[in-house]
Amino acid sequence: MQTSAYGSWPSPIDAALAAAHDGHPEWLGFVGDEVWWTEPRPTEGGRRTLVRRRVDGQEESVLPAPWNVRSRVIEYGGHPWAGAVVAGEPLVVFVHFADQRLYRYEPGSEPRPLTPLSPVGGGLRWAEPQLRLDLGEVWCVLEEFTGDGPTDVRRVLAAVPLDGSAVRDRDAVRELTDDRHRFVTGPRVSPDGSRAAWLAWDHPRMPWDGTELVVAEVLGGTLREPRTVAGGPEESIAQADWSADGRLLYASDRTGWWNLYRDGEPLCPREEEFGGALWKLGHRWFAPLDSGLIAVVHGSGSTALGILDPETGELVDAAGPWTEFAPTLAVHGERSEMGVPPPEGWGRVVAVGASPRTAYEVVELDTRTGRARVIGAPHDDPVDPAYYPEPLIRTFTGPDGRDIHAHVYPPHHPGHRAPGGELPPYVVWAHGGPTGHAPLVLDLSIAYFTSRGIGVAEVNYGGSTGYGREYRNRLREQWGVVDVEDCAAVALALADEGTADRDRLAVRGGSAGGWTAAASLTTTDVYACGTIVYPILDLAGWGTGETHDFESQYLESLVGPLAEVPGRYAERSPVEHADRVTVPFLLLQGLDDVICPPAQCERFLSRIAGRQVPHAYIAFEGEGHGFRRAETMIRALEAELSLYAQVFGLNPPGVPTLELIK
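Numbering (our numbering), first residue to last: 1 to 662.
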């Protein structure tokens, strides 16, 4: 064991390795007996490919570059593909990111468009495709821009013919609903085909504030007599589906926690979440099986994969190391992989799980045996796991005695330790959303710092998901206050208890976390520097036309209506208080970002100019909201480490020096 200063430890976890692990498998589904999913390719321009796991266990990417299976509906996207077996071969319909058209694909042939070509960034977009082979159609969510503004948009449920007749004829697309609601999710059709259910909501609500569960009759390929059967302005229904016997299932937070209901009756009442924030259309926290059992992702803080018996309320979790499951589930139980009729009660459940020792991977659970195994995208990297961080689950006390949940990752290295008496630098990470959550999983971006001797504290500040509606509602009209206070409370507690060096604390965050980082630098003296990534910096500008439709009225709940509290918008915006920033900072931004546009950063920098505050601004062409290209992520991580090295007096080997200007 060698002794050397914190921040100077050599590490095999470089920025390229961390970038290669960014993103995870998503949007699972069965095509016959095969499991398919989308998977990121950071070294291929950040595209997402479609992966097929054959019955014999072999994996293959079925769509070569430049095909990119990703939807832009509500900008955050949604489930981008659907598949079935037709005449013994797969038939897949998917959304291509570059032009947002629906394509029909059969292995061995080129994808063929099903929808008209429309302007990139506008026109027609699609999500949650569902094959209706009996009608020769694919049903999905249609997002259609009606003008040049980001909020000139309508959304309906629509049917697209599989024969390609809509390619040149927009009128060939059948609209199944009117646009009475601003937002809708894809329809879930009952097993007997007689009814369909979907979610709907309107401005200024976000889906975690309140949604409506709508049910309609399916007659002759149309949706008739839609009616709201549950939900409302203060009840968030996160997902809906049907049991095998045709009863309506949904996840509602009417009791303060997203719990499961069947025809309005609770199935497993607990102070746990069986749902979450609907940032993407098609998230699935539960999936009914033909046997009547229900696969569920549930928990408080961390999550587990379990099987719920709705008749008894018994819930049995899959054994395994996983501490977090993504909201993507698929189930299948018609026949086994070898074509032999399955035993009674048999079913396959696939999910995407991760742990502090493994990145996200595709997991299969056999409902008959209760055994779970990794079947796809297995975690594999050349690094000795001894370099991985070892998280501590902590609950801190904040202002007014409130609980603050956090994951603390101390510096960790198998061959190095710091000199006695030296305290480590720490970086406080503020997650995005802000209605989001920092999961307890292996993140090599965190390991990039901890393996060099820099601690990380991920804070699930008030407003985060995973701890019930009351915890989530702490941020109501308090954004820029509660999140900033909670992050500062954790940072100072770590210093007061002797875990962190009080003079070497930093804050970082992206998107809404970038807002929290910037607000922290303008309202507190806790941090010696900060990293601000694709942030919101000017509330009034962002809330009056500078962002997209989905979040265009998000600030009504986070801050308050602009017309009623204009002073609050100015009071809390970092751009209005740039003169208070006295410590070095790094600002990272994608130039194609339509959610947090570059104008926000440029306005902030114009207020910083000439103030002699050391800083760096790196803007990346071709990147949007959330960096996806390996070269971008590498440069961003190395720049961030260099900032901390310069401010904290560290000497990490092999890291390019970031030029800070004044």
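Yeah, the Cβ is synthetic: ideal placement off N, Cα and C, and Gly gets one too.
A quick note: this is a predicted structure, and the numbers were derived from the prediction, not measured.
Threonine 38 versus Pro561, Tyr644, Ala351 and Leu660, residue with shortest Cα-Cα distance: Taking each of Pro561, Tyr644, Ala351 and Leu660 in turn and checking the Cα distance to threonine 38, the smallest one comes out for Ala351.
Count the other C-beta atoms from every protein chain shown that fall within 10 angstroms of the C-beta of isoleucine 608, then say buried if there are 16 or more, exposed otherwise. The C-beta of isoleucine 608 has 16 or more other C-beta atoms within 10 Å across all chains shown, which makes the residue buried.
Cβ distance (whole Å) where threonine 465 is taken to contact glutamate 26 below 8 Å: Going by Cβ atoms, the distance from threonine 465 to glutamate 26 rounds to 18 Å, so no, they are not a contact pair.
How far does the alpha helix (DSSP H) with cysteine 601 in it extend, from its first residue to its last? Per DSSP, cysteine 601 belongs to the alpha helix (DSSP H) from 598 to 608.
My output table needs one value for serine 550: the three-state DSSP class, helix, strand or coil. For the sequence presented, residue 550 should be read as phenylalanine rather than serine. Correct three-state label for phenylalanine 550: coil.
Integer Cβ distance of glycine 453 from tryptophan 81, believed to fall under 8 Å: Wrong, their Cβ atoms sit about 43 Å apart, outside the cutoff.
Exposed unless 16 or more other CB atoms sit within 10 angstroms - verdict on isoleucine 393: Around the beta-carbon of isoleucine 393, fewer than 16 other beta-carbon atoms lie within 10 Å, marking it exposed.
Which one of Gly45, Pro66 and Val35 has the shortest CA to CA distance from aspartate 56? Nearest option by C-alpha distance: Val35.
Could you give the first and the last residue of the continuous beta strand (DSSP E) run that contains cysteine 529? Counting along the chain, cysteine 529 sits inside the beta strand (DSSP E) bounded by residues 529 to 533.
Valine 575 to glutamine 646 span [Cα, whole Å]: For valine 575 and glutamine 646, the distance between alpha carbons rounds to 25 Å.
Between aspartate 317 and proline 207, what straight-line distance do the alpha-carbon atoms span, to the nearest angstrom? Taking the straight line joining both Cα atoms gives about 28 Å.
Spatially closest choice to aspartate 253 from Arg472, Ile536, Asp443 and Ala295, by CA coordinates: The shortest Cα separation from aspartate 253 among Arg472, Ile536, Asp443 and Ala295 belongs to Arg472.
Local conformation of tryptophan 258 per DSSP, three classes: DSSP places tryptophan 258 in coil when its eight states are reduced to three.
Kindly identify the DSSP beta-bridge partner or partners of valine 374. The beta-bridge partner set that DSSP reports for valine 374 consists of Val363.
Would you please state the rounded distance, in angstroms, between the beta carbons of phenylalanine 604 and leucine 562? I believe it to be under 8 Å. Not quite, the Cβ-Cβ distance comes to about 19 Å (not below 8 Å), so this is no contact.
Leaving out five residues on either side along the sequence, give the residues of the same chain with a beta carbon under 6 Å from the beta carbon of valine 427. Val456, Ala506 and Arg508.
Per DSSP, which residues does asparagine 460 bridge with? Please list them. DSSP lists His405 as partners of asparagine 460.
Taking just the CA atoms, how far does arginine 373 sit from aspartate 290? Roughly 21 Å separates the two Cα atoms.
Rounded straight-line distance, which links the Cα of glutamate 44 to that of glycine 649: Cα to Cα, the separation comes out at about 36 Å.
Straight-line gap, arginine 48 to glutamate 422 (C-alpha atoms, nearest Å): Between the C-alpha atoms of arginine 48 and glutamate 422 there is a straight-line separation of about 44 Å.
Cβ-based neighbour list, alanine 540, same chain, cut-off 8 Å, excluding 5 preceding and 5 following: Within the same chain, alanine 540 has close Cβ partners Leu562, Pro566, Tyr569, Ala570 and Ser573.
Would you say proline 119 faces chain D, with C-beta separation under 8 Å as the test? You won't find chain D in this structure, because it holds only one protein chain.
Span of the beta strand (DSSP E) around glutamine 239: Taken as a continuous stretch (DSSP letters only), the beta strand (DSSP E) holding glutamine 239 covers 237 to 242.
Just to check my reading of the structure: tryptophan 479 and leucine 558 have Cβ atoms closer than 8 Å, yes? What is that Cβ distance to the nearest angstrom? The beta carbons of tryptophan 479 and leucine 558 sit about 4 Å from each other, so the pair counts as a contact at 8 Å.
I need the straight-line Cα distance from alanine 636 to arginine 227, nearest angstrom please. Rounded to whole angstroms, the gap between the alpha carbons of alanine 636 and arginine 227 is 49 Å.
Quick check on tryptophan 542: does DSSP put it in helix, strand or coil? The answer is helix: DSSP assigns tryptophan 542 an H, G or I state.
Cβ neighbour criterion (16 or more within 10 Å) applied to alanine 386: Alanine 386 sits exposed, since fewer than 16 C-beta atoms from the chains shown fall within 10 Å of its C-beta.
Looking only at its chain, what residues have a beta carbon closer than 6 Å to the beta carbon of histidine 203, apart from the 5 residues adjacent to it on each side? So the list reads Arg182 and Gln553, once near-sequence residues are dropped.
Take the Cβ of proline 656 as the centre, count every other Cβ of all protein chains shown within 10 Å, and call the residue buried at 16 or more, exposed below. By the beta-carbon neighbour count (other beta carbons within 10 angstroms, threshold 16), proline 656 is exposed.
Is the separation between the beta-carbon of proline 399 and that of alanine 489 shorter than 8 Å? Yes, they are a contact pair.
What residue from Val138, Cys601, Pro356 and Pro410 has the CA that sits closest to leucine 442's CA? When each option's Cα is compared against that of leucine 442, the closest is Pro356.
Which one or two residues does DSSP pair with glycine 83 in a beta bridge? According to DSSP, residue pairing for glycine 83 in a beta bridge involves Val92.
Between the Cα of glutamate 623 and those of Asp152, Cys596 and Leu643, spot the shortest distance and give me the residue it belongs to. When each option's Cα is compared against that of glutamate 623, the closest is Cys596.
Take aspartate 381 as the anchor and find which of Thr3, His625 and Asp14 has the nearest alpha-carbon. By alpha-carbon distance to aspartate 381, the top candidate from Thr3, His625 and Asp14 is Asp14.
To which residues of the same chain is glutamate 137 closer than 7 Å at the C-beta, ignoring the five residues directly before and after it? Counting only residues of its own chain and dropping the five nearest sequence neighbours on each side, glutamate 137 has a CB closer than 7 Å to the CB of Ala159, Val160, Pro161 and Leu162.
For glutamine 612, is the classification buried or exposed, using 16 other Cβ atoms within 10 angstroms of its Cβ as the cut-off for buried? Counting Cβ neighbours within 10 Å, glutamine 612 comes out exposed, since fewer than 16 surround it.
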